[in-house]
Structures are given as structure tokens and as C-alpha cells.
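Per the numbering used here, the sequence shown runs over residues 32 to 626. A virtual CB, placed ideally from N, CA and C, is assigned to each residue, including glycine.
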Amino acid sequence: MSELLEVDVVATEGIRGGQVQTLWSHLLIEELVRHGVGLFVLAPGSRSTPLALAVAENPNAQHLMHFDERGGAFVALGFARATGKPAVLITTSGTAVANGLPAVVEADADGVPLILLTADRPPELRESGANQTIRQHGIFAPYVRWQFDMPVPDAAIDPAFVLTTVGQVAHQSQHLLGPVHLNCMFREPLAPNEIGRIDVPESLGDWQNGNQPYTRYPVSKPAVSTEEIEALATRLEGLERGLVVLGNTDDTKASGAAAGIAHSLGWPLLADVASGGRLGGTSVVCYDLIFSSSKFFEAHQPHAVIHLGGAITSKPLHKYIENCGPSEYIVVRPDANRYDPSHIVTDRFQSDITAFCDAFAEELVAPSRESAWTLFWRTASADVSNAVQETLPADELSEPAVARAISAFTPEGHGLVLASSMPIRDMDAFAVTDGPRLRVAANRGASGIDGTVATAAGFARGLTKPTTLFIGDLALLHDLNSLSLLREGPPVTVVVINNDGGGIFSFLPIAEQKGVFEQFFGTPHGLGFEKAAEMFELGYDQPTNMAEFKTAYSNAVKGGVSSIIEVRTNREENVALHRELKDAVSAAVGNRLDL
32 MSELLEVDVV ATEGIRGGQV QTLWSHLLIE ELVRHGVGLF VLAPGSRSTP
82 LALAVAENPN AQHLMHFDER GGAFVALGFA RATGKPAVLI TTSGTAVANG
132 LPAVVEADAD GVPLILLTAD RPPELRESGA NQTIRQHGIF APYVRWQFDM
182 PVPDAAIDPA FVLTTVGQVA HQSQHLLGPV HLNCMFREPL APNEIGRIDV
232 PESLGDWQNG NQPYTRYPVS KPAVSTEEIE ALATRLEGLE RGLVVLGNTD
282 DTKASGAAAG IAHSLGWPLL ADVASGGRLG GTSVVCYDLI FSSSKFFEAH
332 QPHAVIHLGG AITSKPLHKY IENCGPSEYI VVRPDANRYD PSHIVTDRFQ
382 SDITAFCDAF AEELVAPSRE SAWTLFWRTA SADVSNAVQE TLPADELSEP
432 AVARAISAFT PEGHGLVLAS SMPIRDMDAF AVTDGPRLRV AANRGASGID
482 GTVATAAGFA RGLTKPTTLF IGDLALLHDL NSLSLLREGP PVTVVVINND
532 GGGIFSFLPI AEQKGVFEQF FGTPHGLGFE KAAEMFELGY DQPTNMAEFK
582 TAYSNAVKGG VSSIIEVRTN REENVALHRE LKDAVSAAVG NRLDL
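If you want it as C-alpha cells, here you go:
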């Protein structure tokens, strides 16, 4: 137990009323630690004093302070993505709690273990007009796996209740994979008379002197039955025209497992960039741009698809599968959330991805040679990569070229966080085929731009590795204060594409409506990030060509300090370049089909 605490084991009646809040908070934090919580993120506040002190006095509670609750929630989310361990956001009462909602929505949609530990006013102050008192219980109701409104700490309540409740919090978050909310009411006085000293009742003496949770839960994960696996293998074995699709996942073993069943089936593997399997080499890599060729789209339609993990970034791939309507469409993911946006799924397995793939591969005999179907996907992918390389201007700064350079020059094993909108799409489409393997994260559950910088800070802290954040200007402006988080922990290199507005909207039909587009969609802001880097004591560079970018990026990722690299581009020129690249790819793949 903590050396900072003076712990006395006393009879239950010996615990005085003013000490109960201290005891309960100590039990809460210590039991969360024992259940595997990896990080506590706190924002300053008064009502959460008992919880903050319990974290401060527990040497095993890794913690981080951040002044913005919204950013703090995304730090916890990023950490949980990197480690697979639940992370906790601790807030004071009032709108501080509401600021956690965007991260909770993302955690729900993408199955990330996130715990909201919110301090609240006692019941006599609720619905009374009391300051900083809102309806906190149930505020996240549609998005949490479980929620509970803790009573005001009371000496008449067996403190074992606190431990069993925390056990349920941890279990629901880790085994149902998603956010949970524990709302904790406290009365004044909020701070104990003696900081660093608690009384623990005799009934919890064994727990206090040990290091195990009060209630232990099994660590097994959902798995499918042998009979179901055998039946699926019987249906699919020998089927030539199939695809293995690996969607967004934080499971570091999933890409290898997916490659294994793709090999056993003799099918191409189409790995989304947010899966980590798109970078570092897969059997098929440039699938997004392959669909630029309408000839390919029409001539190569799969009869079966195994979809592992979450959503896919590529809209062309999504439309391709939807339009093909394969007779077998199997989805495998560890949480119970439905993934079936086109309503074509024929089989749904709730299972750990690696466990499913290992069991499935055991039922298959790998084909002796590569099929014509798979070979053509490979050759078309190589044609795509060559066409992109030949079409991109050699030394001209562009958004596709920057994405391609990041995928090629980021050191092996580093982290890569991809913001929504264009950065993740460009990386998915234009990343090199033979670059380094990287740990990749992206908030693609709800695909918002909220908290992207904070997510990268938490992801780097969880990885304990330098990390690159590839982000657009609006997303960076949206989370500017989280740059303060980059001054500590593993360094984060922020590569920001500044095209003075919402670049993704320039690809939409509304862009043709010149009268309203710039004001209501383009949203130009005329801002740069040099002064922001100065304010938050970060390095800064603004290259003007690709040679300068490669030098600046190489220096930044090896420099050991966080920095911002600002890349200025033009939205209209970017759209034109994307169209030129797609035309070149379409011609290359079309020529292959004509051979």
C-alpha cells in the first residue's frame, strides 16, 4: 500500500463521519488500480477533492492533470486505445461532466474502455437551484455500458459495497468494451482534517494488506463455438472470389491474424489504415484507389467477405461491397455493437479477432498456389502505387505527398494518430506499400474532429513511444489548448495541413455553389500556427517544398521534443491533384484489365 498513507485498521464504529469520504475515495481509486486501470486524468475542481487526494496519495495510480475536461477525456481515450487498459477521467460537478460527452460517444462507437468518475453535489442540493448542480446521473445514458449513482459516503453502509461497485465498473468497461459512468456524491467538508491518513474497517483488513481486487472477474473473452467455426469453414473453403477486410481496431495482433486467414483462404487482405495492417506491407494495400477504375469495379466482384473489426475509412470500398452484395458477408468483432451500415451482413460473430482467426485457420488448408483472383488484386495494387509515384510532382508540397512521406519516413514502432476528414483518407489512399510498421490510432467510431490533439497525447503516453499526429487546420484549432499536453511525456510531432478551411468539403457537390460555399463550408480563417507553437513552447517549422518537409520531419521525429510542422496548401489545387491522381490510376488499372 501507499507509503504516503498512514493506514489504521479499526472497528467499523471507530470510523468517524468526516473520515468516510476519505475512506470511500481511497477504496475507489485503489480498487480501480487493482482492476487494471492504467491512467487517471484529472481536471482541477473543488467537489472532486476527495477523489483527487486519493489519486495523489496512491503511488500506483498513474495520473495526469489537464485543465480542460473535454481534452482530458480524450487523453484517457487515447491512452486506452494504446494500452487496451481502461483509463479514468475524474471531474468536478456541473458542466465539467458534460464536457466528457464527445469522448464517451467515441468510446461507445469504437468499443474503448473509458471510465467517467464524476463528483456531484448531495441529493439535498439537486433540483434546488444550487450553484454548479446539474442532472449528472444519466447524462451519458445512451452511450455507456453501465452507470451508477453512488450515495453520499455514510458510515452506516458497509464499505465493501464500494469495492464491489468498482469491480462492476471495471468489468463492464473491459468485458463489454466501452464507457461506464460512476457518479459520486460528496458533502462538505470535502478535505479531511489530516491529509495522508485513513482508517480502514477490520472487515477489509485482508483486502488492505493484499494486492488483489475484492471481487475477481474472469479474463476470458467472447469466443465462437467449434461447431460454428467448422460450419463457416465448410461454406467458404475452396471459394476463390473472396476478400478479408480488416477494419479499424486497436488490437495489435489483429493484422497478423487477418493475414493468416487471408493466406489460408487464398484471398486478398484489404486492411484499413486505422487497423495498423495497412502500413508495413499486406497482400493488398492500394485498394482505395483501385476503385477509381470502373472496369475493375464491374469485373471483379467478390462472392464472400470476412470483415474483421470496426468501420472502414474508404468510401469506395464501402460502396464496392454494398453494390456487389456478396452472398456471404461475415462480421467479427469483440464487442456486441452492430456493424452493418448496408444491411447485408449474413453472419455476426462476437469474438476476439485473433482467437477467431486462429480457430478458423485451423479448419482450412491453404491453397497450393495463388489464384488468378488474388494475383490480379496484387498486380492492380502495384499499378496503383506506380501511377501515384509517377504522377505526384517530385518536389511540390501537396497533401497526398505529405501523407506518403509520413508513411515512408516515420521510424519503425512509432505511433501515428490520424485525424478525421482528409488526413486519414489521404493516408489510407496514398501510403507507401513498403514503409515501416506503426501503431496507428484514429477516432473513427463517430469520426469527429473533437479532441484529436489530446487523443494523440494520451496515445503517445500509453505507447511510451514518440508519435506523429497528422491533422488538418480546423481539427487543430478545435483542440488548440491540448497542445499544452505535448510539453510532457513522449514527444508528439504534429504535422498540420493548413489549407485555410474545411478541405474535405471542396470534394463535395456543394463546392460548385460559389456564392455560399466559402462562407458556410470552406470557412477560411486566415490563421497560422507559429504563434501557437511559441505559446506552448513547441518546436516549429514551415517547409515550402517536399525536400524541406522530409528534412523537417526527419529532424522532428528524431529530435526528442514535441513540435509542429505546418504545411500550407491550396484547397482548389488539392482537389485538382486528387482528380489527376485518380485519372492516372484508373488508366493504369484499365490497361492491366485490357492485357
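The alpha helix (DSSP H) with residue i in it runs from where to where?
i    : result
H22  : What is shown of the chain runs 32 to 626, which leaves residue 22 out entirely.
V128 : T126 to A129
S274 : Residue identity differs from the one stated: residue 274 is Leu in this sequence, not Ser. Careful: L274 lies outside any alpha helix (DSSP H), inside the beta strand (DSSP E) at G273 to L277.
V419 : A403 to T422
E579 : M577 to K589
N605 : R602 to D625
E137 : L132 to D141
Q381 : It is not in any alpha helix (DSSP H) - Q381 instead sits in the beta strand (DSSP E) that spans D378 to Q381.
V193 : A191 to H206
F105 : E100 to T114
Should residue i be labelled buried (16 or more other beta-carbon atoms within 10 Å of its own) or exposed?
i    : result
Q205 : buried
V620 : buried
K350 : exposed
E565 : exposed
H556 : exposed
A42  : Unreliable positioning characterises A42 in this predicted model, as indicated by a pLDDT of 48, which lies under 50. The coordinate reading is nonetheless provided below. By the neighbour-count rule (16 or more Cβ atoms within 10 Å), A42 is not buried but exposed.
P182 : exposed
S251 : exposed
G15  : Outside the displayed span of the chain (32 to 626) sits residue 15, for which this structure offers no information.
T575 : exposed
N130 : buried
L274 : buried
K613 : buried
S79  : buried
E158 : exposed
R369 : exposed
P540 : exposed
V547 : exposed
S316 : It should be pointed out that residue 316 corresponds to Val in this sequence rather than to Ser. It counts as buried.
G241 : exposed
I480 : buried
Might you give, ordered along the chain, the residues of its own chain that have their beta carbon closer than 8 Å to the beta carbon of residue i, omitting 5 neighbours on each side?
i    : result
A172 : Q178
R602 : N530, D531, G532, G534, S537 and G553
G48  : With a pLDDT of 49 at G48, under the threshold of 50, the modelled position of this residue cannot be trusted; read the value that follows with caution. Within the same chain, G48 has close Cβ partners A186.
L221 : Q52, S77, R78, T80 and P81
Q50  : P223, I229 and D230
Excluding the five sequence neighbours on either side, which residues of its own chain have a C-beta within less than 7 Å of the C-beta of residue i, listed in chain order?
i    : result
P244 : E62, R65, H66 and G198
I321 : F327, A411, S412, V415 and V620
A127 : A74, G76 and E100
V523 : A487, A488, A491, T498, L500, L517 and S593
T344 : D303, V304, A305, I455, R456, D459 and R475
Less than 6 Å between C-beta atoms, sequence neighbours within five positions excluded: which residues of the same chain meet that for residue i?
i    : result
H202 : Y248
R379 : V362
Y360 : V336, I375, V376 and T377
Q163 : S124 and G125
S324 : S617, V620 and G621
R218 : P153 and V183
A104 : L120, G131 and A134
S402 : E271 and G297
V175 : P210, V211 and H212
Can you name the start and end residues of the beta strand (DSSP E) that residue i belongs to?
i    : result
H212 : P210 to M216
V363 : E359 to R364
H338 : A335 to L339
Entirely enclosed alpha helix (DSSP H) segments - the region 431-502, minimum 4 residues: 453-461 and 483-494
Which ranges does the beta strand (DSSP E) cover as unbroken runs of at least 3 residues, wholly within the region 261-332, from first to last along the chain? 273-277 and 300-302
Do the region 585-593 and the region 432-442 touch if we need at least three Cβ pairs shorter than 8 Å? yes
Touch check for the region 294-302 and the region 591-607: three-plus C-beta pairs under 8 Å? no
With three or more C-beta pairs closer than 8 Å as the rule, is the region 299-313 touching the region 449-467? yes
Length at least 3, wholly inside the region 508-566: the beta strand (DSSP E) runs in chain order: 523-529
Sufficient close CB pairs (3 or more, under 8 Å) joining the region 424-431 to the region 467-476: no
Report the start-end ranges of each beta strand (DSSP E) in the region 66-91 that is 3 residues or longer and not cut off at the edges. 70-73
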